[in-house]
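Undergrad:
Residue numbers (the working numbering), protein chains in the order written: chain E, 7 to 334; chain Y, 777 to 1109.
1. Does residue 323/E get closer than 9 angstroms to chain Y when you measure Cβ to Cβ?
2. Do you know how far the Cα of residue 328/E is from the Cα of residue 334/E?
3. Look at residue 78/E and residue 88/E and say whether their C-beta atoms are less than 9 angstroms apart.
4. Keeping to the same chain, check which residues put their C-beta closer than 6 angstroms to that of residue 293/E; ignore five residues upstream and five downstream.
5. Thinking C-alpha only, which one of 154/E, 163/E and 225/E is nearest residue 209/E?
6. Between which two residues does the alpha helix (DSSP H) harbouring residue 1029/Y extend?
7. Cβ of residue 1016/Y within 9 angstroms of Cβ of residue 99/E?
8. Using a cut-off of 8 angstroms between C-beta atoms, extract the partners of residue 165/E located in chain Y.
9. Counting only C-beta atoms, is residue 147/E closer than 9 angstroms to chain Y at any point?
10. What residues from chain Y crowd round residue 110/E, counting only those whose CB sits closer than 7 angstroms?
11. Does the contact criterion of 3 or more C-beta pairs under 8 angstroms hold for the stretch 804–823 of chain Y versus the stretch 863–872 of chain Y?
12. Helix, strand or coil, according to DSSP, for residue 76/E in the structure here?
13. Just to confirm the assignment: which complete beta strand (DSSP E) runs, minimum length 3, are found wholly within the stretch 32–104 of chain E?
14. Does chain Y have any CB closer than 9 angstroms to the CB of residue 133/E?
15. Residue 928/Y versus chain E: which residues are under 7 angstroms apart at the beta carbon?
16. In the DSSP assignment, what are the bridge partners of residue 11/E?
17. Using alpha carbons as the reference points, say which of 787/Y, 779/Y, 936/Y and 881/Y lies closest to residue 1089/Y.
18. Counting pairs of beta carbons, one from the stretch 872–887 of chain Y and one from the stretch 991–1009 of chain Y, are three or more of them closer than 8 angstroms?
19. For residue 1096/Y, which three-state DSSP category applies?
20. Starting from the beta carbon of residue 1014/Y, find every residue of chain E whose beta carbon is closer than 8 angstroms, and list them in chain order.
21. Look at the alpha carbon of residue 990/Y and the alpha carbon of residue 921/Y, and state the distance between them as a whole number of angstroms.
22. When you compare each of 213/E, 121/E and 319/E to residue 248/E by their alpha carbons, which one comes out closest?
23. Does DSSP classify residue 1074/Y as helix, strand or coil?
24. Find the residues of chain E that neighbour residue 1020/Y, judging by a C-beta separation of less than 8 angstroms, and give them in chain order.
25. Just the chain E side, please: which residues come within less than 8 angstroms of residue 1029/Y by C-beta, in chain order?
26. Return helix, strand or coil for residue 323/E, following the three-state DSSP convention.
27. So what does DSSP say about residue 245/E, is it helix, strand or coil?
28. At the level of alpha carbons, what is the spacing between residue 8/E and residue 235/E?
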């Protein structure tokens, strides 16, 4: 059964300046389901709405971001709820860290710079659990040990750690309460490749041990190939293709997915990689019809007028492209 | 690591103080006027007859008093010697009262007035600024901001005069002028302290009203950057209680520049608050310095400068020494 169901989600950034309002349609009618214990990837170029989708789905919506339409329902083992209908801040706070957890971008400043790591752990644990100090210590010690991290980091400040170490600590902090769903937003960005590998393995390890569901957002297709069970490719605020990773990598149906995959380097192939021409469109005023048509090598007359719907082409593989509709 | 941080700062402190005091020594000696000759000519102008030998003797005594005997280097050495014993020479206009006595009379008033108003305005401005940012949708917080920002541009003397007219004249709950009621003995007794508080209330209030704005604005600007920081967003995503986020994540980080500002303002206390002192006829350093400048009382000006130099540099040193406790990132770098 699907632990997360997103239906027709529309999340726009709406700003008002001097009486004029401008709307950025960052997420425009997105629907997908994530199964329990699955690693679900969301891929796409920068500025295609991946991070906004993640914010909307995890309920971290703050102006100017607004949810205009849609439903985000969670089906946990003992309760089901629509996170967008929760108006009470307290109800949302209860979910965070415990049910839904976030691994943020691997950047410099995710941990409070003036607090020791231990304090950050205390903040998170004591916010949700009523435990004694020794129980807290045991809990954190076990968790760190399971992840191969040393207890001594607890006494340090974030600036004393390397970027990779900080990201590992952040991951440990995000998963200390064994959340049902983990959202990882570009967890490996800003890290070098060697550290990336360590972080990817760490995420895998946690997932195996805690048996939770992971939603992984990154533009890095190789991370997706490494980790994910299923993958959704986003373009200009919409999902253009979704399917399991193997099918998608071996048999991409959408021209945009093919473009992304063609730009990846391959072992043993030294020919220059083709880069996808152009850039994603402005989400203030997206092109009419299929949003990809200005960059699409196979664009037809129809693509300029009508927007293709996401359709199942068999084997839970969904594509939004007219090319897939009965031959041409 | 400690040595690396503290020792250079202590060296810097003493260097700055030394250079400042040297400038205080050099500048008046570059001026064309000479206090000894001025003093003598003033005595002569009063029509006293003095025989040349007596004049010479008076000149010598005066030179000794002003520290002007011997060559430059000798003067320089004796200047520092005198500083260490707390001797800043006599005041020119209130001869022969020593400068030190005049400063000692005014300094407690100024320190009391400015320290209290600075602390109160800093606390209120900082806390309200932090709250304004942490609760962007609260109507109360917005109203407070409106009031503070509305009051801020009013010229200080108008606020002071309005307070004086309202609460000392129309509704006479507070006294019009002075530092304490006449006839009350200065000392540690209830009557004096009560009188002191009553007299200080309006001056302090007027300064607090105006100064809150600056602290509020600075805190608001810093904190509104802090709430965009990843660690605040992440704290929210981890479901921390709002109070924890406000105090330990937003305010705790935004307060660092506030504390620097507070300490730097401490250093400027020695200049006094001239307009406050004039409007409320309150004793203090501002008026002392003002009248010294008007009367060309160089010794007194230099004496106040010595205090300012030491005050400002000590405040800077304190900021530097306290900073690592507030911001661990500074500690090891």
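Glycine residues also receive a C-beta, built at the ideal position from the N, C-alpha and C atoms.
TA: Working from what's here:
1. Answer no: the Cβ-Cβ gap between residue 323/E and chain Y never drops below 9 angstroms.
2. In this prediction, residue 334/E has a pLDDT of 42, which is less than 50 and means its spatial position is unreliable; nothing more can be read from the coordinates.
3. It is a contact, given that the beta carbons lie within the stated cut-off.
4. Spatial neighbours of residue 293/E in its own chain (CB-CB distance under 6 angstroms, excluding positions within 5 residues in sequence) are listed in chain order as 287 and 300.
5. From the listed residues 154/E, 163/E and 225/E, the smallest Cα separation to residue 209/E is found for 154/E.
6. Membership of residue 1029/Y in the alpha helix (DSSP H) is indicated by the continuous run 1028–1043.
7. The Cβ-Cβ distance between residue 1016/Y and residue 99/E falls below 9 angstroms.
8. From the beta-carbon of residue 165/E, the residues of chain Y found nearer than 8 angstroms are 1104 and 1105.
9. It does not; no Cβ of chain Y falls within 9 angstroms.
10. 1006 and 1010, listed in chain order.
11. Touching, yes, given that three or more Cβ pairs across the two stretches are closer than 8 angstroms.
12. DSSP places residue 76/E in strand when its eight states are reduced to three.
13. Note on the stretch 32–104 of chain E: whole beta strand (DSSP E) runs with a minimum of 3 residues are 45–49, 71–81 and 86–88, in chain order.
14. So yes, residue 133/E belongs to the interface.
15. The premise fails here: residue 928/Y is roughly 25 angstroms from chain E at the closest Cβ pair, so nothing lies under 7 angstroms.
16. Note: residue 11/E sits in a beta bridge opposite 39/E and 79/E.
17. The shortest Cα separation from residue 1089/Y among 787/Y, 779/Y, 936/Y and 881/Y belongs to 787/Y.
18. The stretch 872–887 of chain Y vs the stretch 991–1009 of chain Y: no contact.
19. The DSSP-derived three-state label of residue 1096/Y is helix.
20. Result: 102, 103, 107, 108, 129, 130, 133, 179 and 180.
21. Between residue 990/Y and residue 921/Y, the C-alpha separation is close to 12 angstroms.
22. Looking at 213/E, 121/E and 319/E, the one whose alpha-carbon comes closest to that of residue 248/E is 319/E.
23. The three-state secondary structure of residue 1074/Y, taken from DSSP, is helix.
24. Per Cβ cutoff of 8 angstroms: 129 and 133.
25. Within chain E, the residues near residue 1029/Y are 118, 119 and 120.
26. DSSP places residue 323/E in coil when its eight states are reduced to three.
27. Strand.
28. Residue 8/E and residue 235/E have their C-alpha atoms roughly 14 angstroms apart.
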